Each structure stands twice: as C-alpha cells, then as structure tokens.
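A.B. asks: So the sequence shown is residues 74 to 243, counted in our numbering.
Attaching a single structure in structure tokens format; questions to follow.
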Amino acid sequence: MQRLMPYLLLCLLAATLPLLPSTSLSTTHAVPFPGWPASLGDRSLSPVALTERERHFTRHFPGKIQRFTDGQREYIIRWVTRPTRKLHPASDCLRGVGYTIKPLAIDAQHHGATWSTFHAIKDNETLRVYERIYDDHSNTWTDTSAWYWSALLGNTTGPWWSVTIAEKIR
C-alpha cells in the first residue's frame with residue numbers, strides 16, 4: 074500500500090486540478106471581439122458560410138468561429154475567450170468524418186510562424202493541414218492539449234486565436 078500512495082495522490086491531484094480557479098478564466102470574458110483578420114501572411118481572406126454542423130457547434134463554443142478561403146486554401150479561425158475542451162485539433166474532426174491522419178514534422182516556415190502539420194487522406198483526396206494557437210503576448214502552441222493546460226493553469230491569458238489551414242495536394 075505504501076508504494077501505491079504516491080500514485081493515488083498524483084491521481085487525486087490530476088482529477089482536481091481542472092477545478093482550481095484560474096486568472097485566465099476571469100480576465101477573458103470582458104475582452105471585446107476585435108473582428109476577423111482580412112489576411113493571413115500575404116493571402117487575402119474571404120469569408121465562407123459555416124455548414125449547419127459548424128453553426129450548431131458554435132452555439133456552445135466560448136468564442137467565435139469562421140471559415141475563410143484565399144481561393145486555394147480553406148482556413149478555419151477560432152477566437153477563444155476561455156480555456157475549453159471544445160477547442161480540439163482538426164485531426165480529430167477529420168478523423169471523425171473518415172480521413173486517415175498522417176502526422177508530419179513541425180513546420181517553422183509557413184506564414185512566418187511555427188505550425189503543427191499533418192496529411193489527411195480520404196479516397197483520392199489528400200490535404201496538408203497546418204494548425205497553431207497563439208495569444209496576443211507572443212505565446213504560441215502547436216498542440217491543443219499543451220495550450221489547454223497552459224491556459225487552464227493561468228500561464229497564458231486570452232483571448233486566443235486558433236488557425237487551421239487546409240490545402241489540397243492531390
């Protein structure tokens with residue numbers, strides 16, 4: 074039983090940690106939405122209507138979601154006002170609609186920032202997907218879970234931007 078006690082204490086800590094208050098939870102609600110960007114890097118963005126499924130999802134999302142295109146790529150930009158598990162990786166969504174996901178190396182060149190990347194493959198279509206989360210204080214994350222814990226523990230204050238870019242490569 075003595076060997077098991079440290080493990081049980083760690084489990085208890087992990088189970089109660091999300092219940093602790095965080096400064097980021099209280100400070101992000103008052104920030105007004107700054108509006109959607111008109112461009113990303115050197116690409117002009119045009120809004121695209123959300124699907125019914127996406128509109129349904131936005132009803133319970135702590136922030137705002139919008140799709141865009143630059144004529145070649147699709148962008149999903151999410152403005153997030155508080156730590157949430159509703160901000161999840163695009164790979165989860167794509168896997169859920171039948172894509173096979175092939176992780177790629179972190180890309181530090183795309184639009185002058187660091188991005189997680191993967192291929193999403195379904196039938197004869199292959200997408201290269203870029204993804205990142207950042208705040209207005211020069212913090213950036215390429216992993217949603219790392220962002221979540223950083224935000225929940227108050228190591229970053231929002232709001233945050235999550236950007237996903239998908240481009241067809243065949």
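We put the beta carbon where it would ideally sit given N, CA and C, even for glycine.
Please read all numbers here as calculations on a predicted model, not as lab measurements.
Could you tell me the alpha carbon to alpha carbon distance between R132 and T199, rounded to whole angstroms?
C.D. replies: Cα to Cα, R132 sits roughly 30 Å from T199.
A.B. asks: Which residue from A103, E127, F134 and G144 puts its Cα closest to that of L118?
C.D. replies: The residue with the shortest Cα to Cα distance from L118 is G144.
A.B. asks: Strictly by DSSP, which residues pair up with E147?
C.D. replies: T142 and A239.
A.B. asks: Restricting to Cα atoms, I'd like to know which of G136, T173 and A181 is closest to S235.
C.D. replies: Cα-wise, what sits closest to S235 is G136.
A.B. asks: Evaluate I179 with the Cβ neighbour count: other Cβ atoms within 10 Å of its Cβ, from every protein chain shown; 16 or more gives buried, anything less gives exposed.
C.D. replies: So I179 ends up on the exposed side.
A.B. asks: Less than 8 Å separating the beta-carbons of Y207 and T213?
C.D. replies: Yes, they are a contact pair.
A.B. asks: Can you name, in chain order, every residue of its own chain whose Cβ lies under 6 Å from the Cβ of T229, other than the five neighbours on each side?
C.D. replies: If we look at T229 and ignore the five residues flanking it on each side, its Cβ neighbours are D208, N212 and S223.
A.B. asks: Name the DSSP beta bridge partners of W234, please?
C.D. replies: Answer is W152 and Y207.
A.B. asks: Pull up the DSSP beta-bridge partners for E198, would you.
C.D. replies: Per DSSP, K195.
A.B. asks: In chain order, what residues of the same chain have a beta carbon less than 8 Å from the beta carbon of H161, not counting five sequence neighbours either side?
C.D. replies: So the qualifying residues of the chain are T217.
A.B. asks: Would you call the stretch 187-199 and the stretch 163-177 in contact, with 3 or more CB pairs under 8 Å?
C.D. replies: Yes, the stretch 187-199 is in contact with the stretch 163-177.
A.B. asks: Is any heavy atom of the ligand GTP found at a distance shorter than 7 Å from the C-beta of S218?
C.D. replies: The ligand content of the structure shown is nil, which means the ligand GTP is not present either.
A.B. asks: On a CA-only basis, which of F106, W109 and G114 is nearest G185? Give me that one, please.
C.D. replies: The option with the nearest alpha carbon to G185 is G114.
A.B. asks: Where does T217 sit, in a helix, a strand or coil, going by DSSP?
C.D. replies: Helix.
A.B. asks: Please work out which residues of its chain come closer than 6 Å, Cβ to Cβ, to P245, disregarding the five sequence neighbours upstream and downstream, and give them in chain order.
C.D. replies: In this structure the chain extends from 74 to 243, so residue 245 is not present and cannot be described.
A.B. asks: On the DSSP bridge assignment, give the partners of L113 in chain order.
C.D. replies: BP columns for L113 point to R116.
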